[in-house]
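Trainee: Going down the list, the protein sequences come from chains A and B. For the first sequence, position 198 (counting from the first letter as 1) is numbered 179 according to this note's numbering, and the numbering increases by one without interruption. Just so we're on the same page, this note's numbering is the position in the second sequence counted from 1, plus 3. From the three backbone atoms N, C-alpha and C, an ideal C-beta is built for every residue, glycine too. All values reported here derive from a predicted model rather than from experimental measurement. Would you mind keeping the following structure in view while I ask a few things?
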Amino acid sequence: MTAASPELSLECRAVHHGFGRKPVLFDINLRLRRGQFLGLVGPSGCGKSTLLRGIVGTHLPRQGQILIHSAASGNTLVPVVGPGRDRGIVYQHYSLFPFLTAQENVAIGLMLDQTSIPFRLFAWPKWRKLRKEHLTLAGEFLEKVRLGDALHLYPHELSGGMKQRVAIAQALIMKPEIILLDEPFGALDEGTREDLQKWMLTLYQDNTRARARGESPPYTLIIVTHELTEAIYVGDRMVGLSQHWDWRKEGYDACPGATVVYDKPCPVFEPQDAKDYQTFAVQREEVRRAAFDSKVLMDRNEFVTYWKETPG
Amino acid sequence: MIRRPIKQTTTLLLGLASVAVLLLAYTWLSHRQHQENPDDTTIPTWSQLADGVQKACSVDKREGQRWIVVDAKATASRFFLGLGAGVAGAIVLGMLMGCFTPIEAFCYPPLSLLAKVPPTAAMAVFFVLVGTELNMYVAMIAFGVLPTLALTVFLGVKEFPEELQYKAYTLGATSTEVIASIIFRQVLPRLLDGARLMIGPALVYLIAAEMLVGDVGFGYRIRLQSKLLNMGVVYPYLALLAAFGFGMDYALRWLQRKWCPWFEKAQG
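Right, dumping it as structure tokens:
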């Protein structure tokens, strides 16, 4: 596993983390393929957000390494040392800059990434021209997600669903290696949530089409959610993180932290498919047993079969 | 029922009525006073006030200049330089304190202590340090408004959600950009609000200092003319000060609306 496969987008190697004496994450090993939509689930307090922060780079783990694919370093995996433009993030709240309009919010990443303060101050004729291009691009992005009428509205004038759509566009426009979504649809009403989930499925379709053309799929996603159905519906792979596993068997007196107890592929849905809860039921029950039931303590590798099932 | 809404025209009429009552009451007071003593200058009649305005606006024989012009020049330059220096210092200090914890730990105790020193009481210190001219007034106003404003900025920066900061980094921002292009824009409307609230105190510090040691300026003229019981000059000067404060308040509100159109509604 030392040699980086160009197909991998992200790798967590033996990641441990804790707060004070309280262990949170234990021996997280995870490899994410480029183009994969991974649903990350687990009981509350299991460290989903901690792992996500580790990947974003704002709170690095105590032990172990998180590596991210870098085209600039010759398609190798490079360790995460802090937040960077190769990992986009969408939070449940506070996802937009309140002082920018929807269009400016989407364009700001291009500005921050491509220009510097001295450039904007001292080469402002050039900057103004570039700014126009950025805004046009951002406008086109928002048109695509049916927000063409909301370009000049400020975040407080947008509904929750519109805000999240702008926030996702804000991350997408940067074309990051991986996009992390931290319970992105948790505060939305049912209809809006399904709308956005379907949008995620159209992104997955883009991936499939790119693969069919022999190109590298453009979007890689980790979506943290407390809703199992959402993880199965949107993701093509589900990972369960949990503190309920058989740590006694591995020689611990107390729980050393949450680890990966579930990792299996999920069925892929098309956006036009109806959301059929029947097909979710079996897998849902399985994850519930593996990750959410505090009475069932199983070997942590019992349900970690993703790489066996899809070796290719 | 309390807070029952009224029509807009009623609001306007009531406002005008209050001004009319004020003017009428003054006229009556002045009329009564002049029946007792026709030479009274403490509550001048309207014609005495007009004379006072005339006096302030015409060329003074001894000084060879118009009072209103020299006083306005002196007071305005002291006020704007002082407030400007205070605001600039507060931005730098508040942003640094909010963004860098060692600076916060180092600056917070003295700042909260110095904020409690009345600047007019500490005038002798500025007198010794920077002399009696323009510098003293500027230093005193700046020192008077800086601690409160710096704390306003500092608290605004602290309120900035961590998530937005992380997000800026994932969008390719450098730390300087996070501070200058993201956090400062978020804090700006709060700074303007803070500056608005400091107009009153800044004017108090300035007028008090001019009354004590000035040889020109609004404070100086008001003290001198009050001693001579020339209220016909004093009242128009007071009215001008009020109008100035009102205008400054309006200007800052206008700037806030222009620079931060998102702010007012986002609060509601």
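1) How big is the Cα-Cα spacing for A:I204 and A:G63?
2) Which residues share a DSSP beta bridge with B:L167?
3) For A:R43, which of A:K3, A:T291 and A:H137 has the nearest alpha-carbon?
4) Where B:T13 and A:R101 are concerned, what is the direct C-alpha to C-alpha distance, given to the nearest angstrom?
5) Beta-carbon separation of A:V215 and A:L182 under 9 Å?
6) Between A:R66 and chain B, is the shortest Cβ-Cβ distance under 9 Å, so that the two count as touching?
7) My guess is that A:K245 and A:T286 are in contact by the Cβ rule of under 8 Å, so how many angstroms apart are they, rounded?
8) Which residues bound the alpha helix (DSSP H) around B:P150?
9) Does any C-beta atom of chain B lie closer than 9 Å to the C-beta of A:L93?
10) Mind listing which residues of the region 173 to 186 of chain B have their C-beta closer than 8 Å to chain A's C-betas, in chain order?
11) Between B:L32, B:A212, B:A198 and B:E180, which has its C-alpha nearest B:G121's C-alpha?
12) Helix, strand or coil for A:L19 per DSSP?
13) Please list the partners that A:I70 has in chain B, where partner means a Cβ-to-Cβ separation under 7 Å.
14) Got a sec: is the Cβ-Cβ distance from B:R188 to anything in chain A below 9 Å?
15) Three or more beta-carbon pairs under 8 Å between the region 171 to 182 of chain A and the region 214 to 230 of chain A, yes or no?
16) Determine the closest residue to B:R199 out of B:A171, B:M251 and B:L52, with distance taken between C-alpha atoms.
17) Quick check: B:L255 and B:I202, are their CB atoms within less than 9 Å of each other?
18) Just to confirm the assignment, what range does the alpha helix (DSSP H) spanning B:P112 have?
19) Return helix, strand or coil for A:P99, following the three-state DSSP convention.
20) Per DSSP, what are the beta-bridge partners of A:Q46 in this structure?
21) Taking B:S50 as part of the alpha helix (DSSP H), name the residues at either end of that continuous run.
22) What residue range does the alpha helix (DSSP H) around A:K125 cover?
23) Under three-state DSSP, which class holds A:R68?
24) Note down, in chain order, every chain A residue with its Cβ under 7 Å from the Cβ of B:P164.
25) Any C-beta of chain A sitting closer than 9 Å to the C-beta of B:W257?
26) For chain B, check one thing: does any of its Cβ atoms lie closer than 9 Å to the Cβ of A:I98?
27) Between B:L52 and B:Y223, is the Cβ-Cβ spacing less than 9 Å?
28) Does the beta-carbon of A:Y258 have 16 or more other beta-carbons within 10 angstroms, so that it is buried, or is it exposed?
29) In the DSSP output, what is A:A239 paired with across the bridge?
30) The alpha helix (DSSP H) with B:V131 in it runs from where to where?
31) For the pair the region 75 to 89 of chain B and the region 137 to 149 of chain B, tell me if three or more CB-CB distances fall below 8 Å.
32) Could you round the C-beta distance between A:Q46 and A:R(-6) to whole angstroms and report it? I think they count as a contact, below 8 Å.
33) Alpha carbon to alpha carbon, how far is B:E166 from B:N105? Give it in angstroms, no decimals.
34) Which two residues bound the contiguous beta strand (DSSP E) that contains A:G221?
35) Let me make sure I understand the geometry here. Which of A:K125, A:P157, A:G20 and A:K156 has the alpha-carbon closest to that of A:R146?
36) Look at the Cβ atom of A:D163, then the Cβ atom of A:Q73, and state whether they are nearer than 9 Å.
Mentor: Quick look at the numbers:
1) Put simply, the backbone Cα of A:I204 is about 20 Å away from that of A:G63.
2) Residue pairing for B:L167: DSSP places it in no beta bridge.
3) Answer by Cα proximity: A:K3.
4) The straight-line gap separating the alpha-carbon atoms of B:T13 and A:R101 is approximately 51 Å.
5) Remark: C-beta atoms of A:V215 and A:L182 approach each other more closely than 9 Å.
6) It does: the Cβ of A:R66 has a partner Cβ on chain B nearer than 9 Å.
7) The C-beta separation of A:K245 from A:T286 comes to about 6 Å, placing the pair in contact by the 8 Å criterion.
8) Taken as a continuous stretch (DSSP letters only), the alpha helix (DSSP H) holding B:P150 covers L137 to E162.
9) True, the Cβ-Cβ gap to chain B drops below 9 Å.
10) Taking 8 Å as the Cβ-Cβ cut-off against chain A, the residues of the region 173 to 186 of chain B that qualify are T173, L174, G175, A176, T177, T179, E180, A183, S184 and I185.
11) The amino acid at residue 121 of chain B is misidentified as Gly; the sequence shows Pro. Distance check between B:P121 and each of B:L32, B:A212, B:A198 and B:E180 places B:A212 closest, using alpha-carbon atoms only.
12) If DSSP states are grouped into helix, strand and coil, A:L19 belongs with the strands.
13) Y169, K170 and T173, listed in chain order.
14) For B:R188, the answer is yes, since a Cβ of chain A falls inside 9 Å of its Cβ.
15) Touching, per the Cβ criterion.
16) Closest option to B:R199, Cα to Cα, is B:M251.
17) Note that the C-beta distance between B:L255 and B:I202 is below 9 Å.
18) Looking at the DSSP string, the run of the alpha helix (DSSP H) that includes B:P112 is T104 to L117.
19) The answer is helix: DSSP assigns A:P99 an H, G or I state.
20) Note: A:Q46 sits in a beta bridge opposite A:R(-6).
21) Boundaries of the alpha helix (DSSP H) around B:S50: W49 to C60.
22) If you look at A:K125, you'll find it in the alpha helix (DSSP H) that goes W105 to K125.
23) In the structure shown, A:R68 sits in a strand (DSSP, three-state: E or B).
24) Y75, listed in chain order.
25) Residue contact check for B:W257 against chain A: no CB pair falls below 9 Å.
26) Yes, A:I98 lies at the interface with chain B (some Cβ there is under 9 Å from its Cβ).
27) No. Outside cutoff.
28) Burial call: exposed.
29) In DSSP, A:A239 forms a bridge with A:L6.
30) Counting along the chain, the alpha helix (DSSP H) containing B:V131 begins and ends at M126 to V133.
31) When C-beta atoms of the region 75 to 89 of chain B are compared with those of the region 137 to 149 of chain B, three or more pairs fall below 8 Å, so the two segments count as touching.
32) Contact annotation, A:Q46 with A:R(-6): C-beta distance approximately 5 Å; criterion of less than 8 Å satisfied.
33) A small correction: the amino acid at residue 105 of chain B is Pro; Asn does not occupy that position in the sequence shown. Taking the straight line joining both Cα atoms gives about 22 Å.
34) Residues R218 to S223.
35) Considering only alpha carbons, the answer is A:K125.
36) Contact flag set, yes.
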